[in-house]
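Report on the structure given below.
Residue numbers (our numbering): 246 to 632.
Shown next as structure tokens:
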């Protein structure tokens, strides 16, 4: 019986092996059909995209593009792949970014975004590496993939918003300044003697007007920064002198809150900058450090030369900033919420202005903070910067 069963099993195996070529052929045909269907589906999706698509190989030759790309770049005739990217793209900075991607490490999650000007239009280009299999390293960079979006309408809308804000702020500022001058004249008794209650009401009105003027001035500063007109031509600037003046000015206020205000300057040289703007940045950071240390403590300013940069840190031992709020600290009108600092008046524009000024000086600013331990703002500026 065992011999008979073994013979039957071998016969069945031979039968199965005899049918496999036909089975493999059917599977190959089905696979090719599936691949062709997916290819046509992908081509339809790419051609119907409103965003421009640009795929290059290692030699920066375009191997895939869609009609939206040519439309955005103002290319009217159809171009067959492959062709050099410089045939349709004349932006040297964009080509340099693609070369940087091709020379980098393979990564699925890294991309570079930049703005490209094509005539009167503004495009946002988001580029990443195209990866392919490799026997030695598993994945390698085989080209680049770029998606382009036309952001011209959004840019124009943003300009209209800035112009409107600038105009409204100017129109509000003039009558408020005049009203404040009149209130000051009344408080000084130029229109006759005042009773205690009258002086108190006029003083409160003056403080409210001062708050509105501060908001308007901040709005004007933001509008100037967005228009690229806030920072004046750069001149040799002594950061040590600015820090000394700010510390001397704020020392009394810090003592009233039980705060020890100190500073250290090391290896500093004059830098090319707008003195008024740098003064505003440092004043804003020091005032914030004092305001957000309601229970006393220390505020320490450290400025030092590091290579071809100047590093300035403002440290405090105040209430700190929760981790979930750190990413929004430089947003316009955003203020950190804390029970101990609710009474502090402000517009929420100070740090947005600080970041705009630092960026205009080709520098960087970041923040580190621990709740109930303190906050450190770190600003880095180049020794020399273009005007």
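Heads up, the beta-carbon is just placed ideally off N, CA and C, and yes, glycines get one too.
key: Whole-angstrom C-beta distance between residue 619 and residue 562, which should lie under 8 Å   = Numbered from 1 along the chain shown, position 317 holds the residue referred to as residue 562. Numbered from 1 along the chain shown, position 374 holds the residue referred to as residue 619. By a beta-carbon distance limit of 8 Å, residue 562 contacts residue 619. Their separation comes to about 4 Å.
ask   = Which one or two residues does DSSP pair with residue 369 in a beta bridge?
value = Taking the chain shown and counting its residues from 1, one reaches residue 369 at position 124. Beta-bridge pairing links residue 369 to 360, 394.
task = Determine the contact status of residue 558 and residue 566, defining contact as a CB-CB distance below 8 Å.
result = Locating residue 558 in the chain shown gives position 313, where the first residue counts as 1. Locating residue 566 in the chain shown gives position 321, where the first residue counts as 1. At least 8 Å separates the beta-carbon of residue 558 from that of residue 566.
query = Hey, how far is the Cα of residue 628 from the Cα of residue 339?
reply = The residue you call residue 628 lines up with position 383 of the chain shown. The residue you call residue 339 lines up with position 94 of the chain shown. As the crow flies, the alpha-carbon of residue 628 is around 27 Å from that of residue 339.
inquiry  = On the DSSP bridge list, what partners appear for residue 561?
reply    = Looking up residue 561 in the chain shown gives position 316. Bridge partners of residue 561: 544, 620.
query = Roughly how many angstroms lie between the CA atoms of residue 502 and residue 541, to the nearest whole one?
reply = To locate residue 502, count along the chain shown from 1; it is residue 257. To locate residue 541, count along the chain shown from 1; it is residue 296. C-alpha separation (whole angstroms): 6 Å.
message = What residue range does the alpha helix (DSSP H) around residue 604 cover?
response = If you number the chain shown from 1, residue 604 lands on position 359. Residues 595-605.
ask   = Leaving out five residues before and five after residue 579 in sequence, what residues of the same chain have Cβ atoms less than 6 Å from its Cβ?
value = Locating residue 579 in the chain shown gives position 334, where the first residue counts as 1. Here the set comprises 573, 593.
message = Give me, in chain order, the residues of the same chain whose beta-carbon lies closer than 7 Å to that of residue 347; leave out the 5 immediate sequence neighbours on both sides.
response = The count along the chain shown starts at 1 and reaches residue 347 at position 102. If we look at residue 347 and ignore the five residues flanking it on each side, its Cβ neighbours are 303, 386, 389.
request  = Would you decide whether residue 317 is buried or exposed? Buried here means 16 or more other CB atoms lie within 10 Å of its CB.
outcome  = Counted from its first residue, the chain shown places residue 317 at position 72. Buried, since its Cβ has 16 or more Cβ neighbours within 10 Å.
task = State yes or no: is the C-beta of residue 513 within less than 8 Å of the C-beta of residue 492?
result = Translated into the one-based positions of the chain shown, residue 513 becomes position 268. Translated into the one-based positions of the chain shown, residue 492 becomes position 247. No, Cβ-Cβ distance for residue 513 and residue 492 is not below 8 Å.
message = Spatial neighbours of residue 299 within its chain, please: C-beta separation below 6 Å, excluding the five flanking residues on both sides.
response = Working through the chain shown from its first residue, we reach residue 299 at position 54. Exclusion of the five residues before and after residue 299 leaves 310, 314, 391 as the residues of its chain whose Cβ lies within less than 6 Å of its Cβ.
message = Could you compute how far the alpha carbon of residue 612 sits from the alpha carbon of residue 366?
response = Locating residue 612 in the chain shown gives position 367, where the first residue counts as 1. Locating residue 366 in the chain shown gives position 121, where the first residue counts as 1. In a straight line, the C-alpha of residue 612 is about 35 Å away from that of residue 366.
query = Would you say residue 557 faces chain B, with C-beta separation under 8 Å as the test?
reply = The structure shown contains no chain B; it holds only a single protein chain.
query = Alpha carbon to alpha carbon, what distance is there between residue 406 and residue 452?
reply = Here residue 452 is taken as the residue at index 207 of the chain shown, counted from 1. Here residue 406 is taken as the residue at index 161 of the chain shown, counted from 1. Taking the straight line from one Cα to the other gives about 29 Å.
task = Take residue 356 and list the residues in its own chain whose beta-carbon comes closer than 7 Å to its own, dropping the five residues that flank it on each side.
result = For the purposes of this step, residue 356 is taken as residue 111 along the chain shown, with counting starting at 1. 371, 372, 373.
key: C-beta atoms of residue 414 and residue 465 nearer than 8 Å   = By 1-based counting over the chain shown, the position of residue 414 is 169. By 1-based counting over the chain shown, the position of residue 465 is 220. Taking 8 Å as the Cβ cut-off, residue 414 and residue 465 qualify as a contacting pair.
ask   = Rounded C-beta distance between residue 324 and residue 333? I'm assuming under 8 Å.
value = Against the chain shown, residue 324 aligns to sequence position 79. Against the chain shown, residue 333 aligns to sequence position 88. Indeed, because the Cβ distance is near 7 Å, the residues count as touching under 8 Å.
key: Distance between residue 280 and residue 239 (C-alpha atoms, nearest Å)   = The structure shown does not extend to residue 239, since the chain spans only 246 to 632, so no value can be given for it.
key: Beta-bridge pairing of residue 436 - partner residues as DSSP gives them   = Walking along the chain shown from the start, residue 436 turns up at place 191. None, per the DSSP bridge assignment.
inquiry  = Between 394, 520, 596, 362, which has its C-alpha nearest residue 463's C-alpha?
reply    = For the purposes of this step, residue 463 is taken as the residue at position 218 of the chain shown. When each option's Cα is compared against that of residue 463, the closest is 596.
key: Enclosing alpha helix (DSSP H) for residue 337 [first to last residue]   = Position 92 of the chain shown, counted from the first residue, corresponds to residue 337. Following the DSSP letters along the chain, one finds residue 337 inside the alpha helix (DSSP H) bounded by residues 337-347.
query = Excluding the five sequence neighbours on either side, which residues of its own chain have a C-beta within less than 8 Å of the C-beta of residue 384, listed in chain order?
reply = Working through the chain shown from its first residue, we reach residue 384 at position 139. Shown here for residue 384: same chain residues with a beta carbon closer than 8 Å to its own, the five before and five after excluded, namely 351, 376, 377, 378 in chain order.
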